[in-house]
Amino acid sequence: MAFPPQFLEEIRTRLACSEVIGKRVRLIRRGREHVGLCPFHNEKTPSFTVNDDKGFFHCFGCGAHGDVIGFVMRSDNLSFPETVERLAGEAGMPMPVLSHAEREQAVREQTLHEVVEAACVWFELQLRAPGGRAGLDYLRRRGLDDDTIARFRLGFAPDQRGALKAEMLGKGFKEALLVEAGLLSRPDDGRESFDFFRGRAIYPIMDRRGRPIAFGGRVIGDGEPKYLNSRDTPLFDKGRSLYAHHMARLSVRDGTQVVVAEGYMDVIALHAAGFRGGDLVHNSFSWADRHRRGARARETVSGYCLGG
Ligand SMILES: [Zn+2]
């Protein structure tokens with residue numbers, strides 16, 4: 087279930103962090119903050135702090151970090167919707183009733199997820215088809231084995247204007263949806279839409295739940311641009327997405343540090359080498375913003391590997 091952002095904001099405003107966390111951890115007031123023993127790692131001296139003004143908790147021992155919703159999800163082991171429902175109850179707020187437009191938006195996003203997933207599967211199949219030889223050779227030359235290729239769901243887009251389009255229309259997806267998902271380009275002058283990715287090795291970009299939402303494409307041969315990303319869509323916001331973030335997130339729960347790299351290959355190489363915290367910045371100009379966002383998601387960025 088999707089929640090309107092204002093609703094979540096209202097929960098965060100109404101419930102002081104220290105009040106909610108104080109029911110679960112013994113906190114002592116120290117200046118503007120509260121401190122206590124971190125519930126997420128073993129410690130004898132308190133390095134867990136709660137700041138009501140900033141609306142977050144932070145542990146200097148293990149790097150655990152987040153807002154009140156993040157805390158309860160983790161400490162009570164609840165899903166996001168379950169946590170929101172519990173905290174709304176604590177705040178005395180009735181659960182929101184979604185408007186018709188919000189419900190429609192949720193359904194549309196679901197369909198977008200389906201078409202991007204179908205495209206992802208098709209790209210993967212093309213890599214193993216005779217026409218995908220050049221793509222497979224490229225990835226192998228870069229040192230990737232089959233296991234890594236499969237784990238990252240790497241694929242290939244043939245150098246044809248309508249191959250993916252024909253396949254997806256054949257599956258019953260509407261052309262307008264393919265355009266909205268960023269899979270087709272539709273020229274302004276009314277000419278026919280065509281495949282956005284052509285003649286490229288394909289790197290699917292996943293959301294936090296590991297679902298493909300967009301793609302990056304590395305040209306095979308000399309074409310320009312060398313790297314091409316899906317444009318922004320209702321599922322994909324280039325400024326807010328991190329490549330392989332779903333994998334890095336899982337590892338971070340086990341305490342792995344996150345390294346942010348700038349290229350798809352850098353991230354994959356990190357993971358293939360056994361390092362599980364690799365993340366990719368899509369646009370290095372705003373990575374400070376993403377760092378903050380990463381921090382909100384209780385993560386510690388231990389290094390950046392840019393320019394690769
Ligand atoms: Zn801790």
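The opening position of the sequence shown corresponds to residue 87 in my numbering, with each subsequent residue numbered one higher.
Here a beta-carbon is modelled for each residue, glycine too, at the ideal position from N, C-alpha and C.
Computed from a predicted structure; not experimentally measured.
The C-alpha of residue 226 is placed about 42 Å away from the C-alpha of residue 157. With contact defined as three or more Cβ pairs closer than 8 Å, the stretch 159-175 and the stretch 255-263 are not in contact. Short note on residue 147: C-beta closer than 8 Å to some heavy atom of ligand 1. Between residue 133 and residue 120, the C-beta spacing is not below 9 Å. If the five residues before and after residue 94 are omitted, its C-beta is found closer than 8 Å to the C-beta atoms of 155 and 170, all from its own chain and listed in chain order. Taking the Cα of residue 219 as reference, the smallest distance to any Cα among 91, 299 and 241 is reached at 241.
For residue 355, the CB stays at least 8 Å from every heavy atom of ligand 1. Under the three-state reduction of DSSP, residue 90 is assigned to coil, being neither helix nor strand.
In this structure, ligand 1 has no non-hydrogen atom nearer than 8 Å to the beta-carbon of residue 161. The stretch 236-251 makes contact with the stretch 201-211, as at least three CB pairs between them are under 8 Å.
Residue 270 has 281 as its beta-bridge partners, per DSSP. When distances are taken from the beta-carbon of residue 157 to the heavy atoms of ligand 1, even the shortest one reaches 8 Å or more. C-alpha of residue 118 to C-alpha of residue 148: approximately 21 Å in a straight line.
In the displayed model, residue 127 falls within coil according to three-state DSSP, outside both helix and strand.
Note: residue 136 is bridge-paired with 120 and 143 in the DSSP secondary-structure output. Short note on residue 142: C-beta not closer than 8 Å to any heavy atom of ligand 1. Counting only unbroken stretches of 4 or more residues, no alpha helix (DSSP H) element lies wholly within the stretch 168-210.
Under the three-state reduction of DSSP output, residue 243 falls in the strand class. Of the other Cβ atoms in all chains shown, 16 or more fall within 10 Å of the Cβ of residue 244; this residue is therefore buried.
Of the residues 231, 298, 153 and 263, the one whose Cα lies closest to the Cα of residue 99 is 153. Look at residue 108 here: in three-state DSSP terms it is helix. CA-to-CA, the gap between residue 135 and residue 197 works out to about 42 Å.
Nearest Cα to residue 349 within the set 313, 276, 323 and 199: 313. Apart from the 5 residues on each side of it in sequence, residue 307 sits with its Cβ closer than 8 Å to the Cβ of 220 and 285 in its chain, given in chain order.
Judged by DSSP secondary structure, residue 299 falls within the beta strand (DSSP E) whose first and last residues are 298-305.
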